[in-house]
Amino acid sequence: MIVFAREPAEPLGRLLIQLDQMLRRNEAGDGRVWVTFLSRQQPELDKKLVMWSQELGLARLPISVFEDEQGPPAYRLPAEATVVIVLARQRTIAARFVYTAQGLDAKAIPSLMQEIRRFVGRSDAVENPKR
């Protein structure tokens, strides 16, 4: 699973905390999960992301920066999207969740996590993050 994002934001942080907790509990099995921010300002964003991920308490979730705001061409990310979650299995995209600025909020996260857990083979109840 890849989470593409354009800016660190509070709702995204809530989602990343839950994904990190999922990784800590080994709920993703053999699956991989990472976050890629899309920005031409990599050096500045790197510092900001390190501090942000520490504030969130992320321990297992890798975060990187792709130096093109459009994202990798093969993923065809919509320009208006602020967050895109790509679920893939055996190098084939199985599902894609696209959120605009107001789309990813605290109300959307539980159902999204339910879909992610279903995809990775876990249907456990969604937990609320501590933060």
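Throughout the sequence shown, residue numbering follows the working numbering, covering 1 to 131 in sequence.
Glycine included, C-beta positions come from ideal geometry on N, C-alpha and C.
Per the coordinates, the alpha-carbon of GLY13 lies some 16 Å from the alpha-carbon of ALA81. Secondary structure note for SER64: its beta strand (DSSP E) is the uninterrupted segment 63–66. The beta-carbon distance between VAL120 and VAL98, rounded to whole angstroms, is 20 Å. This is too long to meet the 8 Å contact definition. A direct Cα-Cα distance of roughly 12 Å separates GLN114 from LEU15. In the DSSP annotation of this structure, ARG96 is not part of any alpha helix (DSSP H); the continuous beta strand (DSSP E) holding it starts and ends at 92–99. Secondary structure at VAL33: coil, using DSSP grouped into helix, strand and coil. Per the coordinates, the alpha-carbon of ILE116 lies some 8 Å from the alpha-carbon of LEU87.
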